[in-house]
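Engineer: Sending over a structure as C-alpha cells; questions will come in a sec.
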Amino acid sequence: MSQSRIQSMIEAWSNTLIGYLINLGVQLVVYPFYGATLTFGQNIQIGLIFMVVSITRSYVLRRAFNARIKRQST
C-alpha cells in the first residue's frame, strides 16, 4: 500500500524535525572540538539549512519508492 503525498510530507517533516533537534544538540558539542565558535543562532541557522535539504530528500525518495511500488502492482 502506498502513501498519499500528504502522508509522505508528514513523515518527512516528522522524521526531519526529530533529527534536527538531535543534531542541534550534537552541533553544540562537536563544533567546538573542531575550533568552530558559532553562536546558538548560527547553529540554528545551519541546522535549518540541513533540515530543508533533509525534508526534500526524504519526500522525493518516499515518492519515488511509492511510484515504483505502484508500477509493480499494476
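Letter by letter, the sequence shown follows residues 355 to 428 in my numbering. All residues carry an ideal CB built from backbone N, CA and C; glycine is no exception. Model, not experiment: these values are computed from the prediction.
For the stretch 400-411 and the stretch 365-376, state whether three or more C-beta atom pairs, one from each stretch, are separated by less than 8 Å.
Structural biologist: Judged by Cβ distances under 8 Å, the stretch 400-411 makes contact with the stretch 365-376, as three or more pairs qualify.
Engineer: Whole beta strand (DSSP E) runs in the stretch 368-409 with 3 or more residues, listed along the chain?
Structural biologist: Here no run is fully enclosed.
Engineer: Using only the alpha-carbon positions, how far apart do L378 and I423 sit?
Structural biologist: 35 Å
Engineer: On the premise that R425 lies in contact with S362, defined as a C-beta separation below 8 Å, what is that separation, rounded to the nearest angstrom?
Structural biologist: Between S362 and R425, the beta carbon gap of about 17 Å keeps them out of contact (Cβ cut-off 8 Å).
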